[in-house]
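Number of protein chains: 2
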Amino acid sequence: MRDVVVIGAGMTKFGELWGKSIRDIFTEAAQKAIEDAGVDHIDSMYVGAMSPGLFVGQEHLSAVLADYLGVNPIPATHVESACASGGVAFRQAFLEVASGASDIVLAGGVEKMTDGADVTEVLATAADQEYEVYQGITFPGLYAMIAHAHMHQYGTTREQLAAVAVKNHRNGAKNPNAQFRSEVTLEQVINSTMVADPLRLLDCSPVSDGGAAVILASIEVAKKLNKNPIRVIASSQASDTIALHGRSSITTLGSVVTAAEKAYRMADVKPADVDFAEVHDCFTIAEILVSEDLGFFEKGKGGQAAADGLTSLECNLTPINTSGGLKSKGHPVGATGIAQIIELYEQLSGKAGARQVLDAHIGMAQNMGGSGASCVIHILEGK
Amino acid sequence: MRDVVVIGAGMTKFGELWGKSIRDIFTEAAQKAIEDAGVDHIDSMYVGAMSPGLFVGQEHLSAVLADYLGVNPIPATHVESACASGGVAFRQAFLEVASGASDIVLAGGVEKMTDGADVTEVLATAADQEYEVYQGITFPGLYAMIAHAHMHQYGTTREQLAAVAVKNHRNGAKNPNAQFRSEVTLEQVINSTMVADPLRLLDCSPVSDGGAAVILASIEVAKKLNKNPIRVIASSQASDTIALHGRSSITTLGSVVTAAEKAYRMADVKPADVDFAEVHDCFTIAEILVSEDLGFFEKGKGGQAAADGLTSLECNLTPINTSGGLKSKGHPVGATGIAQIIELYEQLSGKAGARQVLDAHIGMAQNMGGSGASCVIHILEGK
Numbered sequence: 450m451r452d453v454v455v456i457g458a459g460m461t462k463f464g465e466l467w468g469k470s471i472r473d474i475f476t477e478a479a480q481k482a483i484e485d486a487g488v489d490h491i492d493s494m495y496v497g498a499m500s501p502g503l504f505v506g507q508e509h510l511s512a513v514l515a516d517y518l519g520v521n522p523i524p525a526t527h528v529e530s531a532c533a534s535g536g537v538a539f540r541q542a543f544l545e546v547a548s549g550a551s552d553i554v555l556a557g558g559v560e561k562m563t564d565g566a567d568v569t570e571v572l573a574t575a576a577d578q579e580y581e582v583y584q585g586i587t588f589p590g591l592y593a594m595i596a597h598a599h600m601h602q603y604g605t606t607r608e609q610l611a612a613v614a615v616k617n618h619r620n621g622a623k624n625p626n627a628q629f630r631s632e633v634t635l636e637q638v639i640n641s642t643m644v645a646d647p648l649r650l651l652d653c654s655p656v657s658d659g660g661a662a663v664i665l666a667s668i669e670v671a672k673k674l675n676k677n678p679i680r681v682i683a684s685s686q687a688s689d690t691i692a693l694h695g696r697s698s699i700t701t702l703g704s705v706v707t708a709a710e711k712a713y714r715m716a717d718v719k720p721a722d723v724d725f726a727e728v729h730d731c732f733t734i735a736e737i738l739v740s741e742d743l744g745f746f747e748k749g750k751g752g753q754a755a756a757d758g759l760t761s762l763e764c765n766l767t768p769i770n771t772s773g774g775l776k777s778k779g780h781p782v783g784a785t786g787i788a789q790i791i792e793l794y795e796q797l798s799g800k801a802g803a804r805q806v807l808d809a810h811i812g813m814a815q816n817m818g819g820s821g822a823s824c825v826i827h828i829l830e831g832k
Numbered sequence: 450m451r452d453v454v455v456i457g458a459g460m461t462k463f464g465e466l467w468g469k470s471i472r473d474i475f476t477e478a479a480q481k482a483i484e485d486a487g488v489d490h491i492d493s494m495y496v497g498a499m500s501p502g503l504f505v506g507q508e509h510l511s512a513v514l515a516d517y518l519g520v521n522p523i524p525a526t527h528v529e530s531a532c533a534s535g536g537v538a539f540r541q542a543f544l545e546v547a548s549g550a551s552d553i554v555l556a557g558g559v560e561k562m563t564d565g566a567d568v569t570e571v572l573a574t575a576a577d578q579e580y581e582v583y584q585g586i587t588f589p590g591l592y593a594m595i596a597h598a599h600m601h602q603y604g605t606t607r608e609q610l611a612a613v614a615v616k617n618h619r620n621g622a623k624n625p626n627a628q629f630r631s632e633v634t635l636e637q638v639i640n641s642t643m644v645a646d647p648l649r650l651l652d653c654s655p656v657s658d659g660g661a662a663v664i665l666a667s668i669e670v671a672k673k674l675n676k677n678p679i680r681v682i683a684s685s686q687a688s689d690t691i692a693l694h695g696r697s698s699i700t701t702l703g704s705v706v707t708a709a710e711k712a713y714r715m716a717d718v719k720p721a722d723v724d725f726a727e728v729h730d731c732f733t734i735a736e737i738l739v740s741e742d743l744g745f746f747e748k749g750k751g752g753q754a755a756a757d758g759l760t761s762l763e764c765n766l767t768p769i770n771t772s773g774g775l776k777s778k779g780h781p782v783g784a785t786g787i788a789q790i791i792e793l794y795e796q797l798s799g800k801a802g803a804r805q806v807l808d809a810h811i812g813m814a815q816n817m818g819g820s821g822a823s824c825v826i827h828i829l830e831g832k
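Chains as they are written, first to last, in my numbering: chain A, 450 to 832; chain B, 450 to 832.
Structure representation (structure tokens):
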């Protein structure tokens, strides 16, 4: 396999983009990425999106987007793995460049969620339709069960969950592309509207529109363009049972554990070598589980670590979700996995401004679908 | 890039499979393919499906299917390019093995179309929602416009269109997995119910449920298993404008022309070297256009060639759609591209029974999405 690097990135602001259609949103992000990379063409493109069919009535999405981006007749492929669609798009682009089939590939992600679809119902199609959703449960309920189990098993507290939201909003307030650039207090999170006990409104990532794109290339291309190459040193993906009831434990995300093991092996690094990470905080409890399952903290200690500030930008031990995460930056599901890579790219290029992690050499992006039935992990290295 | 071979295949019967869910259908096909290949594991899997969200309310499809196939925690990825989803799944599996990232990869396709969704409306999401579908047109109408233009420009006749259906039903009658194992006459096609002038019911591929899967591997794996390797000597993909009105001509499919050029170059073969082909006959006119755009016949002569029997199994010049094609075998959209590969695999292995092409060494599969906004072509070589 050839070495692969990231040489450019671009994204829209995340939020309620009522004046823009899905093709407008994607095109804006993709054009910014192409311009940032300084390339005069791309060989191929991948687009991650969870459900353009249900959200906006448009399938065959990659063909629409290639057309509006003006890059016909290059190959354009839409990939879907629920909320991990963006991460999977990046992985497919990585494999294509690594294989030698292409030298310059765009990996993008997009979702338009605010056009009138019943968002909770559409998102629930990422759970097991036949055994979970038909019984009436949706994702806040599934993650609420995980949260209760984690609290029961490890003594995780309501305040520890809230600490994740407080930190991510503090980071997001520094991110010009974030949907919510406002800080929140522990009290505000704990007293926000109940969604699914114990999860409240400010424990949940929002409904968002948005697009993100990056350009992957071979090292040779990066050298020709005089680019400071940000290397992709690991790409891994794993699956788990679609339904929670199929798992031996619901407080460990098996797909995260497996994908992390593979990624650490491929990159030849340990959890302690990771300088910062973007993880999939669709709900506050998810960030706590993932921070344990990635090996940053012992099982059951993720809540305490968040409350102690060990994952904060200010502490600089292993800052998590410096972008604001899904919670504050927003979560247009197909775009999320690519937006995580963009945060890695900006941090590793020293371009993260007020959010800059000191001595950032190795960054990790962890993106997952549903209640963890799919997980994609990438590790990038700069300088 | 490493050499890649196909070492196993399996599919369900295509048709109205009312007693089986999408996960049953896929699992049946995948298990048959794994058994046929004789492998004890797979490293990764891809699934092509156009719209499980709109057809059966299930996104995150690859996670569901990996779970029910019992292959967790391997990576499982769903790809979509409308009716070319299966071809794209095969291409991604090809790239993954070619890259060296995996040695044994399953490429499958599935669609469950008869569960109650408005099929014509769901399929129309593969056209341009904002500029075509909102005006009231659906695919039979789009292909009818193409047919009228081809008739006007080249003198293609109603009888020539019908000849494609007659041939494909004759082939499909010999295929145990075909949805319609009945021959039809020219008169029956010409007098069947009008759908969109000039296209009648028997010019249109049917609504189908079905699944198909193949196993791709490195040559080393094939050698260890003592498999007669069917090599993938070309994989190409191209895009065109999503809407017909964006094209300089609607009687030439630009994505087919581009993908064919790339495929011939990669395989180092000419159209005359192709012993037989499976092409995307979603409507009879599509097979005529594609047979020209692949270079088998001069532009405008595809209709005459079909009427003259040049594409028939019996003539053995360049037999097209020996499986029965989408028309007679059925068209569960996500499965179609993989079912085409299965026909190539069976023909090149000498296992096609009553449909066997004499001296079949090189076969081509051409799969496309929408009115040709995406096209995937593979060339396989046996013996």
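We treat Cβ as the ideally placed atom computed from N, Cα and C, and that holds for glycine.
Item                                                                                                                            : Value
Complete runs of the beta strand (DSSP E) confined to the stretch 626 to 709 of chain A [at least 3 residues]                   : 643 to 645, 659 to 667, 679 to 688
Proximal chain B residues relative to L503 of chain A, where beta-carbon distance stays under 7 Å                               : G502, L503
Selection of the stretch 808 to 823 of chain A by Cβ proximity to chain B, strictly under 9 Å                                   : G818, G819, A822, S823
Exposure label - E545 of chain B; buried when at least 16 CB within 10 Å                                                        : buried
C-alpha distance - S631 of chain A paired with C653 of chain A, whole-angstrom precision                                        : 15 Å
Assumed close pair Q602 of chain B, G703 of chain B - CB separation to whole angstroms, cut-off 8 Å                             : Contact flag wrong, Cβ pair sits at about 16 Å.
Cα-Cα separation between A754 of chain A and Q686 of chain A, rounded to whole angstroms                                        : 26 Å
Interface residues of chain A facing S548 of chain B [CB-CB closer than 7 Å]                                                    : M450, L544, A547, S548
Contact residues within the stretch 455 to 481 of chain B, judged by C-beta distance below 9 Å to chain A                       : S470, R472
H827 of chain B - partner residues in DSSP beta bridges                                                                         : B:S684, B:A814
Own chain partners of T426 of chain B with C-beta closer than 7 Å, once the 5 adjacent residues on each side are dropped        : There is no way to answer for residue 426 of chain B, as the model of chain B reaches only from 450 to 832.
CB contact below 9 Å: G700 of chain A versus chain B                                                                            : In the sequence as presented, Gly is not what sits at residue 700 of chain A; that position holds Thr. Chain B, which has no Cβ nearer than 9 Å to the Cβ of T700 of chain A, makes this no.
Any chain A beta carbon closer than 9 Å to V582 of chain B                                                                      : yes
Under the three-state DSSP convention, the category Y580 of chain B falls into                                                  : coil
The stretch 691 to 705 of chain B touching the stretch 783 to 800 of chain B, judged by at least three CB pairs closer than 8 Å : no
Residues that H527 of chain B bridges to, as DSSP identifies them                                                               : A:E529, B:V496
Through-space distance from Q815 of chain A to G557 of chain B, alpha-carbon basis                                              : 26 Å
In chain order, each beta strand (DSSP E) run of at least 3 residues that lies wholly inside the stretch 500 to 571 of chain B  : 525 to 529, 553 to 561
Any C-beta of chain B under 9 Å from that of D658 of chain A                                                                    : no
Straight-line gap, V806 of chain B to A822 of chain B (C-alpha atoms, nearest Å)                                                : 31 Å
Under the three-state DSSP convention, the category F725 of chain A falls into                                                  : strand
Residues that V537 of chain A contacts on chain B, provided the C-beta gap is smaller than 7 Å                                  : T526
Chain B contact for M562 of chain A (CB, 9 Å cutoff)                                                                            : no
Identity of the residues DSSP links to A458 of chain B by a beta bridge                                                         : B:V663
Counted within 10 angstroms of its Cβ, other Cβ atoms place P768 of chain A as buried (16 or more) or exposed                   : buried
Identified DSSP bridge partners for F732 of chain B                                                                             : B:C653
Host alpha helix (DSSP H) of M594 of chain A (start-end)                                                                        : 588 to 603
Limits of the unbroken alpha helix (DSSP H) element including I787 of chain A                                                   : 782 to 797
Continuous alpha helix (DSSP H) stretch holding S777 of chain B: start and end                                                  : 774 to 778
Within-9 Å CB hit, I483 of chain A to chain B                                                                                   : no
Distance, V488 of chain B Cα to L743 of chain A Cα                                                                              : 31 Å
For G464 of chain B: DSSP bridge partner residues                                                                               : B:D658
Any chain B beta carbon closer than 9 Å to P720 of chain A                                                                      : no
Partners in chain A for V568 of chain B, counting only beta-carbon separations shorter than 9 Å                                 : The contacting residues do not exist; V568 of chain B stays about 13 Å from chain A at best.
Through-space distance from T771 of chain B to K561 of chain B, alpha-carbon basis                                              : 24 Å
Chain B contact for Q628 of chain A (CB, 9 Å cutoff)                                                                            : no
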